[in-house]
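J.:
In my numbering, the protein residues as written are 25 to 206.
Encoded structure:
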């Protein structure tokens, strides 16, 4: 939902966004996991309602909230997508795959198809997944987020100082940007 918020705000404000991945649940198995195994039906229903409510505020549709993937490989490919000027499209496509289609975004074949969908070459996707360079980059990000005490997604850092945690209403962000621009 962070992308939806940023995209809406970019329609109104000059924003230069830099995306830093944060693995919320790095221990999620590579094959993914049913959220029914992690949460009670009641808790899962509460979470779905809240996520859908927030997603609707930025015109994002969410269909599958019963499966969670390990995002590690998707984040490595995202680093390649940044270099290839395909990050935004890849990020959106991974989001759709994960939350609308319920696919496992750790799976190399799934990521290769998603990469091709946005113009990345399949072999480049495989190379990014196997790359020590991108593995090291994710470790750097992990240190950076730990240093800034980030443990929630999305987290927005505005002008290197203002921290907004979680999905907040657009008007909340507008007040911040209006104050910055005044």
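Note that CB positions come from ideal geometry on N, CA and C, so glycine has one too.
Please read these numbers as outputs of a predicted model, since none were measured by experiment.
What is the residue span of the beta strand (DSSP E) that residue 86 lies within?
T.: Element bounds for residue 86: n/a, residue is neither H nor E.
J.: Using alpha carbons as the reference points, say which of 169, 148, 126 lies closest to residue 107.
T.: 148
J.: Roughly how many angstroms lie between the CA atoms of residue 211 and residue 130, to the nearest whole one?
T.: No information on residue 211 is available, as it lies outside the stretch 25 to 206 that the chain covers here.
J.: Roughly how many angstroms separate the alpha carbons of residue 47 and residue 206, rounded to a whole number?
T.: 35 Å
J.: Expressed to the nearest angstrom, what Euclidean distance is found between the alpha-carbon atoms of residue 202 and residue 150?
T.: 43 Å
J.: Are the region 155–165 and the region 27–42 touching by the rule of at least three beta carbon pairs closer than 8 Å?
T.: no
J.: Does DSSP put residue 189 in a helix, a strand or coil?
T.: strand
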